[in-house]
Amino acid sequence: MRTLKSDFCVSLRRVDFLGVPLCSLTTGEFIECLISETLARRGKPNAKPFFVTYLNAACSNISAHDEEYRRILHKADIVYADGQAIVWASRWLKAGVPERVNAADFFLEFCKRAADENLSLYLLGSALGVAPGAASRFVSEVPHLNICGADSGYFTDDEEVLERIRNASPDILIVGMGVPRQEKWVFRNIDKLDARSVWCVGALFEYYSGYRLRAPVWMRKAGLEWLFRLVLEPKRLWRRYLIGNAVFLWRVATRVWANFS
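So for the sequence shown, the numbering used here puts the first residue at 1; every next one is plus one.
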């Protein structure tokens, strides 16, 4: 049975975004909620981890046809607006969220808070060597940060990885395997994880390890980060962005029209 959420997290407003319960919160509120929920679970071995993930346009499209993934989003403790398109569309749908909450923008700030509260982090995801590279960057920026493990997300033996996580017993397990693999893996194993919280972060480790370039700030603020990624990896991402963005806009427009009618 889940423990009661903190008063702060209980008070968060949730809105329906094309069938997904989306939390309406700022970056500061997100950090406060994750930190407070993690601390609340310390010393409570029977409490399930606080489960956090995100929504962007691609995630929304996947949720429309992947029933398992959609069910997981409904059971998550927090689903936050990772993409600028989600923020804009939420306003058109009269369910406005205040801002984009993108982990890559504020992760070092989060690390400082976690270190101040003596919370340990375990990084799981990306290709071989990427998570340890990101861990080195985080510790160089926040020297008193406790990272108790860093593993690749490409593995064939769940039990071996789960055993390492249990031995480390992190306060927060941070998983970056891509959508929907990361959410499905977490949900399948959540009862076996000795962690207070689990946070899905997508490609976060790749950005901080230097494995992948990130768009300039002006492109992120303009909602054009997708274009930067498409230019860098057209073969891999053309379908996701050129077709996916059109599908997303059509889905939003259809809902707006239905609400208007």
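For every residue, glycine included, the Cβ atom is placed at its ideal position computed from N, Cα and C. Every value quoted in this text rests on a predicted model; they were computed, and no experiment measured them.
Original post:
Under a three-way DSSP split, which group does Tyr-211 fall into?
Top reply: Here Tyr-211 sits in coil by DSSP.
Subject >> Backbone secondary structure at Arg-239 - three-state DSSP >> reply: In the structure shown, Arg-239 sits in a helix (DSSP, three-state: H, G or I).
Subject >> Start and end residues, alpha helix (DSSP H) containing Val-201 >> reply: Unbroken run through Val-201: none, as it is neither H nor E.
Original post:
Helix or strand or just coil, what does DSSP make of Phe-30?
Top reply: Three-state result, Phe-30: helix.
Subject >> For Asp-16, the first and last residue of its enclosing beta strand (DSSP E) >> reply: Unbroken beta strand (DSSP E) run through Asp-16: 13-17.
**OP:** For Ala-195, name the three-state secondary structure that DSSP assigns.
**Re:** Under the three-state reduction of DSSP, Ala-195 is assigned to coil, being neither helix nor strand.
Subject >> For Gly-223 and Tyr-211, the rounded distance between their alpha carbons >> reply: Their Cα atoms are separated by approximately 22 Å.
Original post:
Which residues in the same chain as Glu-117 place their Cβ atom closer than 7 Å to its Cβ, once the five residues preceding and following it in sequence are excluded?
Top reply: Cβ neighbours of Glu-117 beyond the five flanking positions: Ile-35 and Leu-39.
Original post:
Can you tell which of Leu-22, Asp-194, Phe-50 and Leu-128 has the C-alpha that lies nearest to the C-alpha of Ser-209?
Top reply: The shortest C-alpha separation from Ser-209 is found at Leu-128.
Subject >> 3-residue-minimum beta strand (DSSP E) runs that sit fully inside the segment 111-189, ordered along the chain >> reply: Runs found: 120-125, 146-151 and 172-176.
**OP:** Less than 8 Å between the CB atoms is what I'm expecting for Leu-55 and Phe-17, so what's the real figure, rounded?
**Re:** Yes, Leu-55 and Phe-17 are in contact; Cβ-Cβ is about 7 Å, under 8 Å.
**OP:** Give the secondary structure of Pro-21 by DSSP, where H, G and I count as helix, E and B as strand, and everything else as coil.
**Re:** Strand, per DSSP.
**OP:** From the DSSP output, read off the bridge partner residues of Ile-78.
**Re:** Beta-bridge partners of Ile-78 (DSSP): Val-52.
**OP:** From the DSSP output, in three-state form, read off Arg-70 for me.
**Re:** In this structure, DSSP gives Arg-70 a helical state, which the three-state scheme calls helix.
**OP:** Pick out whichever of Phe-260, Phe-110, Gly-43 and Asn-167 has its Cα sitting closest to the Cα of Glu-141.
**Re:** That would be Phe-110, whose Cα lies nearest to the Cα of Glu-141.
Subject >> Residues of its chain near Lys-112, where Cβ-Cβ distance is below 7 Å and the 5 sequence neighbours each way are ignored >> reply: Excluding its 5 nearest sequence neighbours in each direction, Lys-112 has C-beta neighbours in its own chain below 7 Å: Val-142, listed in chain order.
Subject >> Integer-rounded CB distance, given that Phe-155 should sit under 8 Å from Gly-176 >> reply: Contact annotation, Gly-176 with Phe-155: C-beta distance approximately 13 Å; criterion of less than 8 Å not satisfied.
Original post:
Can you name the start and end residues of the alpha helix (DSSP H) that Val-252 belongs to?
Top reply: Val-252 -> alpha helix (DSSP H) spans 244-260.
Original post:
Between Leu-108 and Lys-44, what straight-line distance do the alpha-carbon atoms span, to the nearest angstrom?
Top reply: Taking C-alpha positions only, Leu-108 is separated from Lys-44 by approximately 28 Å.
Original post:
Roughly how far, in whole angstroms, is the beta-carbon of Glu-225 from the beta-carbon of Cys-200, given that I think they are within contact range, below 8 Å?
Top reply: Their Cβ separation, rounded to whole angstroms, is 18 Å, which puts Glu-225 and Cys-200 out of contact at 8 Å.
**OP:** Tell me whether Pro-234 sits in a helix, a strand or coil according to DSSP, three-state version.
**Re:** Shown here, Pro-234 sits in a helix according to DSSP, grouped into three states.
Subject >> For Ala-85, the first and last residue of its enclosing alpha helix (DSSP H) >> reply: Here the alpha helix (DSSP H) through Ala-85 covers 84-92.
Original post:
Going straight from the alpha carbon of Arg-166 to that of Asn-102, what length do you get?
Top reply: Straight-line measurement puts the Cα of Asn-102 at about 28 Å from the Cα of Arg-166.
Subject >> Spatial distance of Ala-95 from Cys-23 (CA atoms) >> reply: Cα-Cα distance, rounded: 10 Å.
Original post:
Under the three-state reduction of DSSP, which class applies to Leu-227: helix, strand or coil?
Top reply: Of the three classes helix, strand and coil, the one that applies to Leu-227 here is helix, per DSSP.
**OP:** Rounded to whole angstroms, what's the CA-CA distance from Gly-153 to Val-252? Just pull it up for me.
**Re:** In a straight line, the C-alpha of Gly-153 is about 33 Å away from that of Val-252.
**OP:** Please list, in chain order, all residues of the same chain as Phe-248 whose beta carbon is under 7 Å from its beta carbon, the five residues on each side excluded.
**Re:** Excluding residues within five positions, the ones whose Cβ falls inside 7 Å are Ala-57, Ser-60, Asn-61 and Ala-85.
Subject >> Status (buried if at least 16 other CB within 10 Å, exposed otherwise) for Trp-185 >> reply: Around the C-beta of Trp-185, 16 or more other C-beta atoms lie within 10 Å, and the residue is accordingly described as buried.
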